[in-house]
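**Q** Below: one structure in structure tokens.
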């Protein structure tokens with residue numbers, strides 16, 4: 512008993528003062544990225560990234576649920592495989608960003624056809640872009656978006672660059688816990 516107690520005290524002493532650091536963010540890969548797209552990240556910092564041209568189905572339906580189902584029915588009907596991320600163009604009103612629609616990205620620009628699909632979906636090719644990107648793991652809350660925006664704005668000022676628009680990329684669906692979901696807020700450079 513004495514040696515068991517001594518072992519417990521030694522183990523307890525070794526553990527005291529040690530912090531249990533939160534696990535480093537890691538991308539939960541649920542669907543393939545479009546051809547040539549970089550992986551999300553690095554987490555919790557601003558990075559400049561280049562994206563190739565790509566094809567996507569866009570809807571200007573407001574509200575994530577309505578927009579998502581509009582696009583999901585489109586790709587299902589057209590037999591277009593799902594990719595990640597889902598793209599949400601953002602409007603900027605007085606420094607506050609809000610969602611202005613949604614887009615599902617195609618694997619490459621040989622998939623599907625450009626043009627309107629009914630009155631709510633338009634498939635178009637997007638030219639290659641350079642962006643400043645801030646990636647985080649967790650919810651897409653207004654607080655997290657505001658933090659990402661502040662970091663992007665600071666980098667834009669520091670590098671004397673300007674954003675022509677913003678977009679939010681969501682890499683995970685409802686099957687991934689909110690605290691494990693990956694998001695990127697991006698300033699598309701002029």
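Numbering (the numbering used here), first residue to last: 512 to 701.
Note that beta-carbon positions come from the ideal geometry of N, C-alpha and C, so glycine has one too.
Excluding sequence positions up to five away, which residues of its chain have a Cβ less than 6 Å from the Cβ of residue 514?
**A** As a first step, residue 514 must be located in the chain shown, where it is residue number 3. Low per-residue confidence applies at residue 514: pLDDT is 44, beneath 50, and the placement is therefore not dependable enough to give any value.
**Q** Helix, strand or coil for residue 624? Go by DSSP, reduced to three states.
**A** Here the question's residue 624 lines up with position 113 in the chain shown. Here residue 624 sits in coil by DSSP.
**Q** Do residue 538 and residue 548 count as a contact pair if the criterion is CB distance below 8 Å?
**A** For the purposes of this step, residue 548 is identified with residue 37 of the chain shown, where counting begins at 1. For the purposes of this step, residue 538 is identified with residue 27 of the chain shown, where counting begins at 1. Going by C-beta atoms, residue 548 is not nearer than 8 Å to residue 538.
**Q** DSSP has residue 681 in a bridge; who is on the other side?
**A** Mapped onto the chain shown, residue 681 falls at position 170. Paired residues: 597 and 694.
**Q** Starting from residue 664 and walking both ways along the alpha helix (DSSP H), at which residues does that stretch end?
**A** Taking the first residue of the chain shown as position 1, residue 664 is located at position 153. Where residue 664 is concerned, the enclosing alpha helix (DSSP H) stretches over 653 to 670.
**Q** Are residue 660 and residue 696 closer than 8 Å when you measure CB to CB?
**A** Along the chain shown, one-based indexing puts residue 660 at 149. Along the chain shown, one-based indexing puts residue 696 at 185. Yes.
**Q** Around the Cβ of residue 596, are there at least 16 other Cβ atoms within 10 angstroms (buried) or fewer (exposed)?
**A** Translated into positions along the chain shown, residue 596 becomes position 85. It is buried - the Cβ of residue 596 has at least 16 other Cβ atoms within 10 Å.
**Q** Provide the residue span of the beta strand (DSSP E) that contains residue 635, from first to last.
**A** Taking the chain shown and counting its residues from 1, the one referred to as residue 635 is at position 124. Residues 632 to 637.
**Q** Residue 575 to residue 679, Cα distance in whole Å?
**A** If you number the chain shown from 1, residue 575 lands on position 64. If you number the chain shown from 1, residue 679 lands on position 168. Each residue's alpha carbon lies about 12 Å from the other.
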